[in-house]
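Residue numbers (the numbering used here): 328 to 460.
To keep things clear, I will list the structure first and then write my remarks on it.
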């Protein structure tokens, strides 16, 4: 027998969740069909989630959060993403896979990440200098 975890039985909670889901989708500039396709459902089902008619099962919450680049906690509660030590579950999964690489490959990945961080910091520093000038 297949059981489904019902996350939100209260209609008000479903409506708040649906509004948050819709807002996050619109922030990405996506139509319902685009997000639905990414998570493997019909856009009509996504519409039901967004309107508060249906509540997604737990595994769908994970897919939605991943596609939208937020945590499940943020998707459910609206808590800021910064509260999570690793906000992107996609990124977290990549790091788990990296653990299986050789030490040399891991070091290469670390150097690439360090270079990207340095580039971002440099760009931010230059922007703040331009603003101050």
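Yeah, the Cβ is synthetic: ideal placement off N, Cα and C, and Gly gets one too.
Query, Result
"Residue 406 in three-state terms, based on DSSP", "coil"
"Residue 393, DSSP secondary structure in three states", "helix"
"Where residue 374 sits in the DSSP three-state scheme", "helix"
"Limits of the unbroken alpha helix (DSSP H) element including residue 369", "No alpha helix (DSSP H) contains residue 369, which DSSP labels as neither H nor E."
"Cutoff 7 Å; reference residue 405; Cβ partners in own chain excluding five residues on either side", "347"
"Inter-stretch contact (C-beta, 8 Å, three-pair minimum) for the region 430 to 440 and the region 380 to 392", "no"
"For residue 420 and residue 377, the rounded distance between their alpha carbons", "27 Å"
"Selected residue, minimal CA-CA separation from residue 493, among 366, 342, 394, 371", "As shown, the chain starts at 328 and ends at 460. That puts residue 493 outside it, with no answer to give."
"Distance CB(residue 424)-CB(residue 390) smaller than 8 Å", "no"
"C-alpha gap between residue 344 and residue 430, whole angstroms", "43 Å"
"Nearest neighbour of residue 381, chosen from 350, 363, 416, 338 [CA to CA]", "338"
"Under 8 Å between C-beta atoms of residue 351 and residue 363", "no"
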